[in-house]
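Undergrad:
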Amino acid sequence: MIEFINVTKHYPGRHHVLRELNLTLNKGQMALLTGSSGAGKSTLLKLLLRLEDVSHGTLMVNGVDVSTLKKRHIPAYRRRIGVVFQDHKLLMDRDVFSNVALTLQVGGITGRQIQSRVRAALEKVGLGNRIHNMPATLSGGEQQRVGIARAIVHTPEILLADEPTGNLDGSLSTEILDLFRDFHHHGTTVLVATHDQSQVERLGLPVFHLEQGGLQNPREKKS
Amino acid sequence: MSALQIRWDAARNAVHTLARQPLATLMTILALAIVLALPVGLFAALNNLQQLLGHWRDQAQISLFLHQNATEQDVQQLQKALQGGKGVVNVRYIGKAAALGEFEHNAGMTAAIRILGENPLPASFIVELNPLAQSSAALQTQVNAWAQRPGVASAQSDLHWVARLQAILALGERAVWILAVMLAIGAVLVMGNTIRLHIAQRRDEIDVASLVGATRSFIRRPFLYQGFFQGAVAGILAWIIIAITIALLQEPVDRLAVLYGTQFHLLGLSGLEGLILVGISALLGWLGSRLAVGQHLDHTFS
Chain B
1 MIEFINVTKH
11 YPGRHHVLRE
21 LNLTLNKGQM
31 ALLTGSSGAG
41 KSTLLKLLLR
51 LEDVSHGTLM
61 VNGVDVSTLK
71 KRHIPAYRRR
81 IGVVFQDHKL
91 LMDRDVFSNV
101 ALTLQVGGIT
111 GRQIQSRVRA
121 ALEKVGLGNR
131 IHNMPATLSG
141 GEQQRVGIAR
151 AIVHTPEILL
161 ADEPTGNLDG
171 SLSTEILDLF
181 RDFHHHGTTV
191 LVATHDQSQV
201 ERLGLPVFHL
211 EQGGLQNPRE
221 KKS
Chain C
224 MSALQIRWDA
234 ARNAVHTLAR
244 QPLATLMTIL
254 ALAIVLALPV
264 GLFAALNNLQ
274 QLLGHWRDQA
284 QISLFLHQNA
294 TEQDVQQLQK
304 ALQGGKGVVN
314 VRYIGKAAAL
324 GEFEHNAGMT
334 AAIRILGENP
344 LPASFIVELN
354 PLAQSSAALQ
364 TQVNAWAQRP
374 GVASAQSDLH
384 WVARLQAILA
394 LGERAVWILA
404 VMLAIGAVLV
414 MGNTIRLHIA
424 QRRDEIDVAS
434 LVGATRSFIR
444 RPFLYQGFFQ
454 GAVAGILAWI
464 IIAITIALLQ
474 EPVDRLAVLY
484 GTQFHLLGLS
494 GLEGLILVGI
504 SALLGWLGSR
514 LAVGQHLDHT
524 FS
């Protein structure tokens with residue numbers, strides 16, 4: 001369960017990016033985060049990853065008070081989350097397998113477990129036959145699938161995605177978002193930031209619409 | 224995953240990273256080796272100088288002249304005390320008759336001595352000391368104590384040169400230490416800078432690892448191993464450089480020694496000293512890496 005309670009985020013000398021935000025995403029739920037550029041979508045995800053600190057308020061994630069989490073506990077907290085980025089953030093000098101395996105290595109897993117779990121994750125995203133390819137040899141959609149495999153290989157409790165279809169065309173966007181929906185159906189809590197209105201309408205999922213640092217409609221709205 | 228497995232993976236990762244850039248790795252190791260070889264070479268030179276001075280130990284010679292009425296017991300007890308003295312290399316007793324014989328032989332004054340009717344020369348002890356066995360002040364104290372013993376009339380010694388020699392050696396040793404500390408800092412900086420370059424090259428990897436939950440130690444470990452390995456190899460190379468230098472110098476030293484009618488074998492590093500050099504070098508490499516990667520992680524995890 002993700003719970004923003006009166007969360008404010010501001011940077012020194014700048015306006016408030018998030019202002020007394022209240023938002024709840026129940027465990028196992030999937031929702032979309034929408035809003036115009038600069039509305040605070042990425043900042044909200046950064047707060048969830050604890051890449052940024054909450055200025056005021058409380059942010060609870062599956063019982064953990066992220067807003068007061070000590071630095072030394074952040075890595076363990078992040079290992080409970082999977083994250084997908086618009087620019088994939090793949091390591092271009094490593095093959096697909098190594099990119100996905102990184103998440104498991106960081107979590108202290110090695111050897112055969114890595115082999116089997118990476119293969120399984122890549123099969124899930126349809127890249128079972130590209131395991132030893134270098135990222136540069138893959139299409140944009142395939143690179144994003146590798147990013148997704150890396151995010152789900154350790155079966156995280158929560159999956160976050162920041163504009164995962166931002167660089168993809170319509171049909172690829174549909175495939176990628178359907179993948180997220182599959183993971184949601186397996187019990188993962190999923191929050192996807194997107195500005196793709198057609199996909200929002202197609203998916204029919206709960207939507208949190210951010211504008212000027214706050215929810216436009218504080219209640220979850222069905223599109 | 225066991226802690227050993229994690230470390231093994233990090234070590235393998237470090238070796239692969241170094242092997243991927245053989246020229247850069249070699250240059251770093253060479254730079255470190257030369258930085259280390261300089262102070263260690265100076266230490267070896269100082270060690271050889273001390274060894275050389277040890278060859279001249281007979282120059283630290285003290286003469287203890289005995290009273291004419293010194294008893295046999297006084298002589299025996301004094302001899303025992305002298306032989307047990309610190310840094311004493313040799314004790315030689317010259318009886319009255321032997322002293323007279325030597326005097327006659329050296330000075331050619333046989334006729335004058337005969338006129339005196341009796342042997343005026345005292346018995347004496349000639350004590351040869353290692354000038355570096357103790358400080359010149361302690362040496363002087365020891366000589367004074369001997370001079371106070373029963374049967375001793377006077378002591379004759381020239382310990383000023385020992386004090387001067389010890390002062391020069393202390394100066395050399397201090398200079399080498401200062402140089403060693405400065406070059407050790409240099410070694411840390413060389414390694415730190417090298418690791419900073421590695422960090423810059425792997426910034427994306429560090430950022431992604433941090434995003435997926437890597438701990439500081441997970442990210443830091445391969446860099447520390449890189450520094451450690453490069454430092455250790457540089458230490459071995461420095462050891463080899465010193466050994467080659469000494470081998471190259473031995474021949475001219477031999478020729479010089481022959482001119483002085485002696486032999487002198489240059490000392491390199493012993494096995495233990497070499498291992499200490501490699502250990503310190505590895506430690507400096509590790510320290511440089513730790514400083515560089517720590518600074519970066521402070522920024523990444525802030």
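Just so you know, the sequences run in chain order B and C.
Using my numbering, read the first sequence as starting at 1 and increasing by one per residue.
Using my numbering, read the second sequence as starting at 224 and increasing by one per residue.
Each residue gets a CB set at the ideal place from its N, CA and C atoms; glycine is no exception.
Between the beta-carbon of C:L460 and the beta-carbon of C:A268, is there less than 8 Å?
TA: Not closer than 8 Å, so no.
Undergrad: Output needed in chain order: residues of the stretch 445 to 457 of chain C with a Cβ under 7 Å from some Cβ in chain B.
TA: Result list empty, no residue passes.
Undergrad: Quick one: using the 10 Å Cβ neighbour count with 16 as the cut-off for buried, is B:A39 buried or exposed?
TA: It counts as buried.
Undergrad: Got a sec? Which residues, its chain only, sit under 6 Å from C:F446 by beta carbon, not counting five neighbours each side?
TA: I418, S512 and V516.
Undergrad: Apply the 10 Å Cβ neighbour rule to C:A283 and answer buried if 16 or more other Cβ atoms are within range, or exposed otherwise.
TA: So C:A283 ends up on the buried side.
Undergrad: Quick check on this structure: which residue in C:S440, C:L305, C:L301 and C:L253 has the alpha carbon closest to the alpha carbon of C:L362?
TA: Ranking C:S440, C:L305, C:L301 and C:L253 by Cα distance to C:L362 puts C:L305 first.
Undergrad: Return no unless some Cβ of chain B is closer than 8 Å to the Cβ of C:A247.
TA: So, not an interface residue.
Undergrad: How long is the line joining the alpha carbons of B:G107 and C:L471, rounded to whole angstroms?
TA: Between B:G107 and C:L471, the C-alpha separation is close to 54 Å.
Undergrad: Compute the distance between the beta-carbons of C:V375 and C:L275, then report whether it is under 8 Å.
TA: Not in contact: C:V375 and C:L275 (Cβ atoms no closer than 8 Å).
Undergrad: Leaving out the 5 sequence neighbours to the left and right, which residues in its chain are closer than 6 Å to B:N133 when beta-carbon positions are compared?
TA: V96.
Undergrad: Whole angstroms are fine: how far does the CA of C:L261 sit from the CA of B:Q113?
TA: Using only the alpha carbons, I get a separation of about 50 Å.
Undergrad: Taking the C-alpha atoms as reference points, what is the distance between B:L159 and B:I176?
TA: Going by the C-alpha atoms only, they are around 13 Å apart.
Undergrad: Cβ of C:Y483 within 8 Å of Cβ of C:A237?
TA: Not in contact: C:Y483 and C:A237 (Cβ atoms no closer than 8 Å).
Undergrad: Mind listing the chain C neighbours of B:L49? Cutoff is C-beta to C-beta under 9 Å, in chain order.
TA: Near B:L49 (Cβ distances below 9 Å), the residues of chain C are L434.
Undergrad: Check this for me: beta carbons of B:L49 and B:R72, under 8 Å apart or not?
TA: No, these two residues do not count as a Cβ contact at 8 Å.
Undergrad: Can you name the start and end residues of the alpha helix (DSSP H) that C:D427 belongs to?
TA: C:D427 -> alpha helix (DSSP H) spans R426 to L434.
Undergrad: Anyone know if the C-beta pair for B:T103 and B:V153 falls short of 8 Å?
TA: Contact: yes.
Undergrad: Report the residue from B:L51, B:I81 and B:D53 whose alpha carbon sits nearest the alpha carbon of B:N62.
TA: Taking only the C-alpha atoms, the option nearest B:N62 is B:I81.
Undergrad: Going by DSSP in three states, C:F487 sits in which element: helix, strand or coil?
TA: In the structure shown, C:F487 sits in coil (DSSP, three-state: anything other than H, G, I, E or B).
Undergrad: Apply the 10 Å Cβ neighbour rule to C:S440 and answer buried if 16 or more other Cβ atoms are within range, or exposed otherwise.
TA: Answer is exposed; the Cβ neighbour count stays below 16.
Undergrad: Taking Cβ-Cβ distances below 9 Å as the criterion, which residues of the stretch 103 to 123 of chain B are in contact with chain C?
TA: For the stretch 103 to 123 of chain B, which is checked against every Cβ of chain C, the residues closer than 9 Å are T103, Q105, V106, G107, G108, I109, T110, G111 and Q113.
Undergrad: Tell me which residues of the stretch 419 to 434 of chain C have at least one Cβ-Cβ distance to chain B shorter than 7 Å, keeping chain order.
TA: Those would be D427, E428, V431, A432 and L434, in chain order.
Undergrad: Cα separation between B:L32 and B:T110?
TA: About 34 Å.
Undergrad: Using the beta-carbon of each residue, which ones in chain B are nearer than 7 Å to C:T438?
TA: Residues of chain B passing the Cβ test: P75.
Undergrad: Taking only the alpha-carbon atoms, compute the straight-line gap between C:I503 and C:P245 and give it to the nearest angstrom.
TA: Their backbone Cα atoms lie some 23 Å apart in a straight line.
Undergrad: Under 8 Å, do B:L210 and B:M30 count as touching if we go by C-beta distance?
TA: Not a contact, by the Cβ cut-off of 8 Å.
Undergrad: Do the stretch 489 to 504 of chain C and the stretch 462 to 479 of chain C meet, that is, are 3 or more Cβ pairs less than 8 Å apart?
TA: Contact between the stretch 489 to 504 of chain C and the stretch 462 to 479 of chain C is present, because at least three Cβ pairs lie under 8 Å.
Undergrad: State yes or no: is the beta carbon of C:I252 nearer than 8 Å to at least one beta carbon in chain B?
TA: No, because no Cβ of chain B sits closer than 8 Å to the Cβ of C:I252.
Undergrad: What are the residues in the stretch 85 to 102 of chain B lying within 7 Å of chain C by C-beta distance?
TA: Residues passing the 7 Å Cβ filter: K89, L91 and L102.
Undergrad: Counting contacts by CB-CB distance shorter than 8 Å, is C:F487 in contact with chain B?
TA: With 8 Å as the cut-off, C:F487 does not count as an interface residue toward chain B.
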